[in-house]
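One structure below.
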Amino acid sequence: MKTWVFSTEAEGAASSSALEALTKARSFGGDLGAVHVGEGSESALNELGAHGATSVMQVAGDASAAAIAAAMATAVDTEQPDLIIFGMGNLDRDVAGRLSARLGKPVLANAVDVMIDGGIVQVANEILGGSTKIVTQFAEGAPAIAITRPKAFAAEPSGGGSPVVNALNVPDVGHAGDVAVLSSHAESSEGPDLEAAAIVVSGGRGLGEASKFEMMAELAGLVGGAVGATRAVVDAGWVPYSYQVGQTGKTVKPDVYLACGISGAMQHLVGMKDSTTIIAINKDPEAPIFGVADLGIVGDVHNVVPALIEALKAQG
Amino acid sequence: MKIVVCVKQIPDPASPYQLDPENHFVVRPEDQVLDDTDRYGVEVALQLADAVGDEGSVTLLSMSPGGSQQGIRQALAMGADGAILVEDPTLRGADALTTSRILAAAASRAGADLVITGTESTDGYTGVVPQQMAEIMGVPSLTFARKVEHVDGKIRIERQTQAGYDVVEGALPAVLSVTSGVVEPRYPTFKGIMQAKSKPVETLTASDLDVSPSSGQSIVSVESVPSRQAGEVVEDDGEGHLKILAKLEEVKVV
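Chains A and B, in that order, are what the protein sequence lines are. Oh and the first sequence: position 262 is 799 in the working numbering, straight run, nothing missing. Oh and the second sequence: position 22 is 12 in the working numbering, straight run, nothing missing.
This is how it looks when you write it as structure tokens:
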């Protein structure tokens, strides 16, 4: 079995999805490699090595998705990997889609597990809000291309050493590569890291307006939590995308998830349903969020949340 | 500028969808609706086409194995000029790559300068069709756009990133995928709804496009997962916050 994982560098670190995938892929045995896009700092490369990658193909950070896919397709021809695992990041999806089309192989997305059965790669997906599990196998021959959901596997170092690093040169792909990043902008979010926080206080449409997120931040501050949001309010421009929890945002598994004014659309539920304890406040007693909540309060967030803030303050 | 917008008709999300017990395909009723997330792409297309005047046109493109048209009429009513429908029962249960081959071939055949899609469909959400289409068409992909401009013959976007956003520019022809925050989609007017009834809808089959449906994947098993049990749901009587406080104390986070 030869498995590759896809990683992109951010602030000297490898993708968490790549470290998770490497951890899982160690159980398959065989050869483990990574395709790493970005600066290629020692810390990122060593992280990949520590999680089991013995070799890394290093790609310059300014390469277009089309050029990266073309370079990977050439490497696939010579190296013959059985399985390539991507995460849900934007570049992950751009390259996975292009590589799939280039190789004429399917890509199976949203995997919550990857299995090998008699040498054939299978992936598991959860659909219908996580109530149904589907196992699909690749029938087209290697390489199988899978996109895994964040936190599908826990990342654990194996104690592996520095990997062998080789530059993967990208070809000129002509018009398809005629894209350029003109500038990058950071939109800051305050408080603890949403994906690592023990408590997440999340707001949805039911808050009514953007300014009510101050209330979410105050509540999060009192319990040492992070603030999250639904796609609807991110799309409405109330808070930046980095707050988004759900299918197209972050996947969180905190000790407590407090959903305020969130109805519980499927696209949101997949990002938070594995939280240990879920508490929901919503006006609509029929809201799907109550179907997954350990405690549901049918009421107005504009009354319940301020009262909760006062009570927490009174406790000191 | 000829703009082709990919739209998908899906079972109404208000009623949970079902899988056919035999072939595990999504059961698709006659009265499918326009995927809500596709209205944003249609709106972006209409605005870009308006900005270039008479040179601009907007054509909808959809794969509809069952021949459903209701969702297409919804998008035509917003103001698109016409539609191309790939209607072919052999495309039932098509995987993302087959879908992309069909859509790319139809968009190329239509002479698209710009293809616009959502980032992923609400019912399938594979999320790789725009990139696969771009690769097949040999054009740049501008993905996850939350803002779109047509500048000096190029498309410039704000691309959503984990940290914030990047400003990215790409040459035409290109494939563009937009998020649901990109614009406020217009509602169809009564006039638009009436006009939609007589707008041209061209129908094609997979063989018209020289694409043979294939599937490189097969479903091994489908099982239901023990779902999370709903807990206590109480009406707020002014004391709801105390219940929450007690729960937080019970799980020892405060």
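Just so you know, even glycine gets a beta-carbon here, dropped at the ideal spot from N, CA and C. Remember, predicted model here, so these are calculated numbers, not experimental data.
Would a C-beta distance cut-off of 8 angstroms place residue i and residue j closer than the cut-off?
| i | j | result |
| --- | --- | --- |
| Q207 of chain B | L620 of chain A | no |
| A692 of chain A | I622 of chain A | no |
| A824 of chain A | G714 of chain A | no |
| D226 of chain B | G801 of chain A | no |
| K(-2) of chain B | D21 of chain B | no |
| T27 of chain B | T112 of chain B | yes |
| M594 of chain A | L636 of chain A | no |
| A562 of chain A | E584 of chain A | no |
| G695 of chain A | H588 of chain A | The residue you asked about is not Gly; residue 695 of chain A is Ser in the sequence shown. Yes, the Cβ-Cβ distance between S695 of chain A and H588 of chain A is below 8 angstroms. |
| I92 of chain B | V76 of chain B | yes |
| A600 of chain A | H231 of chain B | no |
| V782 of chain A | M809 of chain A | yes |
| T109 of chain B | S204 of chain B | no |
| A571 of chain A | S553 of chain A | no |
| A164 of chain B | I147 of chain B | no |
| A86 of chain B | V118 of chain B | yes |
| L132 of chain B | V157 of chain B | no |
| G154 of chain B | A773 of chain A | no |
Mind listing the chain B neighbours of residue i? Cutoff is C-beta to C-beta under 8 angstroms, in chain order.
| i | result |
| --- | --- |
| S720 of chain A | D156 and V157 |
| G836 of chain A | E225, D226 and G230 |
| E724 of chain A | A153, G154 and Y155 |
| F827 of chain A | A220 and V223 |
| K810 of chain A | R218 |
| T669 of chain A | L9, V212, E213, S214 and V215 |
Would you mind giving the Cβ-Cβ distance between residue i and residue j, rounded to the nearest angstrom? I have them listed as a contact below 8 angstroms.
| i | j | result |
| --- | --- | --- |
| L795 of chain A | V829 of chain A | Wrong, their Cβ atoms sit about 13 angstroms apart, outside the cutoff. |
| V34 of chain B | V129 of chain B | Between V129 of chain B and V34 of chain B the Cβ distance is about 17 angstroms, and since that is not below 8 angstroms, they are no contact. |
| A211 of chain B | V651 of chain A | Going by the sequence as given, residue 211 of chain B is Ser instead of Ala. The pair is not a contact, with the Cβ atoms about 15 angstroms apart (cut-off 8 angstroms). |
| A590 of chain A | L569 of chain A | 5 angstroms |
| A681 of chain A | F675 of chain A | 4 angstroms |
| A73 of chain B | L194 of chain B | At roughly 11 angstroms, the Cβ-Cβ gap does not stay under 8 angstroms, so A73 of chain B and L194 of chain B are not in contact. |
| A633 of chain A | V660 of chain A | Their Cβ separation, rounded to whole angstroms, is 13 angstroms, which puts A633 of chain A and V660 of chain A out of contact at 8 angstroms. |
| A606 of chain A | R639 of chain A | 6 angstroms |
So which residues of chain B does residue i contact, with C-beta pairs closer than 7 angstroms?
| i | result |
| --- | --- |
| I816 of chain A | I234 and K237 |
| D792 of chain A | V241 and V243 |
| A844 of chain A | H231 |
List, in order along the chain, the chain A residues whose C-beta lies closer than 9 angstroms to that of residue i?
| i | result |
| --- | --- |
| A124 of chain B | A602, A603, D631, G634, R635, A638 and A713 |
Give me the chain A residues within the contact set of residue i, using Cβ-Cβ distance strictly less than 7 angstroms, ordered along the chain.
| i | result |
| --- | --- |
| L104 of chain B | What L104 of chain B touches in chain A: nothing, since even the nearest Cβ is about 14 angstroms away. |
| T89 of chain B | What T89 of chain B touches in chain A: nothing, since even the nearest Cβ is about 11 angstroms away. |
| S131 of chain B | A602 and D631 |
| G117 of chain B | R630 and A646 |
| T49 of chain B | Here the premise fails: no neighbours, minimum Cβ distance about 22 angstroms. |
| T109 of chain B | T785 |
| Q22 of chain B | Per Cβ cutoff of 7 angstroms: no residues; Q22 of chain B is ~17 angstroms from chain A at best. |
Find the residues of chain A that neighbour residue i, judging by a C-beta separation of less than 8 angstroms, and give them in chain order.
| i | result |
| --- | --- |
| Q150 of chain B | N627 and Y778 |
| D28 of chain B | The contacting residues do not exist; D28 of chain B stays about 14 angstroms from chain A at best. |
| Q185 of chain B | Per Cβ cutoff of 8 angstroms: no residues; Q185 of chain B is ~29 angstroms from chain A at best. |
Using a cut-off of 9 angstroms between C-beta atoms, extract the partners of residue i located in chain B.
| i | result |
| --- | --- |
| N840 of chain A | D226, G228, G230 and H231 |
| V716 of chain A | P130, S131, L132, V158, E159, G160, A161 and A164 |
| V672 of chain A | I209, V210, S211, V212 and E213 |
Review point. For the stretch 586 to 618 of chain A, which residues have a CB atom closer than 8 angstroms to at least one CB atom of chain B, in sequence order?
Key: Listed in sequence order: S601, A602, A603 and A606.
**Study point:** Where the stretch 229 to 243 of chain B meets chain A: residues whose CB sits under 8 angstroms from a CB there
**Key:** Against chain A - using a Cβ distance shorter than 8 angstroms - the residues of the stretch 229 to 243 of chain B are G230, H231, L232, K233, I234, L235, K237, L238, V241 and V243.
Review point. Got a sec: which bits of the stretch 204 to 226 of chain B sit with their beta carbon under 7 angstroms from any beta carbon on chain A, in order along the chain?
Key: Against chain A - using a Cβ distance shorter than 7 angstroms - the residues of the stretch 204 to 226 of chain B are G206, Q207, S208, I209, V210, S211, V212, E213, S214, V215, S217, R218, A220, G221, E222, V223, V224, E225 and D226.
Check your understanding: Counting Cβ pairs, one atom from each stretch, are 3 or more of them under 8 angstroms apart for the stretch 81 to 93 of chain B and the stretch 40 to 59 of chain B?
Key -> Yes, since at least three Cβ pairs between the stretch 81 to 93 of chain B and the stretch 40 to 59 of chain B fall closer than 8 angstroms, the two stretches touch.
Practice item. Taking a Cβ distance cut-off of 7 angstroms, strictly less, list which residues of the stretch 160 to 177 of chain B are near chain A, in chain order. Key: Those would be G160, A161, T169, S170 and G171, in chain order.
Review point. Can you find at least 3 beta carbon pairs, one from the stretch 189 to 209 of chain B and one from the stretch 744 to 751 of chain A, that sit closer than 8 angstroms?
Key: Not touching, per the Cβ criterion.
Exercise for review: State whether the stretch 56 to 75 of chain B contacts the stretch 172 to 192 of chain B, with contact taken as three or more CB pairs (one from each stretch) at a distance under 8 angstroms.
Suggested key: Enough Cβ pairs lie closer than 8 angstroms, so yes.
Check your understanding: Can we say the stretch 34 to 53 of chain B touches the stretch 96 to 103 of chain B, given the rule of at least three CB pairs closer than 8 angstroms?
Key -> In the pairwise beta carbon analysis, the stretch 34 to 53 of chain B is classified as touching the stretch 96 to 103 of chain B: at least three pairs are separated by under 8 angstroms.
Exercise for review: Could you run through the stretch 63 to 87 of chain B and flag, in chain order, every residue whose CB is less than 8 angstroms away from some CB of chain A?
Suggested key: Result list: D85, A86 and L87.
Point to revise | Segment contact, 8 angstroms Cβ cut-off, at least three pairs: the stretch 729 to 748 of chain A with the stretch 700 to 717 of chain A | key: The stretch 729 to 748 of chain A is not in contact with the stretch 700 to 717 of chain A.
**Study point:** Residues of the stretch 729 to 740 of chain A whose Cβ lies closer than 8 angstroms to any Cβ of chain B, in chain order
**Key:** Listed in sequence order: A735 and I736.
Practice item. Output, in sequence order along the chain, the residues in the stretch 36 to 61 of chain B whose CB is closer than 9 angstroms to any CB in chain A. Key: Answer in chain order: no residues at all.
Check your understanding: For the stretch 691 to 715 of chain A, which residues have a beta carbon sitting closer than 8 angstroms to at least one beta carbon of chain B?
Key -> The residues in question are G711, H712, A713, G714 and D715.
Exercise for review: Give a yes or no on contact between the stretch 757 to 769 of chain A and the stretch 723 to 732 of chain A, applying the rule of three or more CB pairs nearer than 8 angstroms.
Suggested key: Yes, the stretch 757 to 769 of chain A is in contact with the stretch 723 to 732 of chain A.
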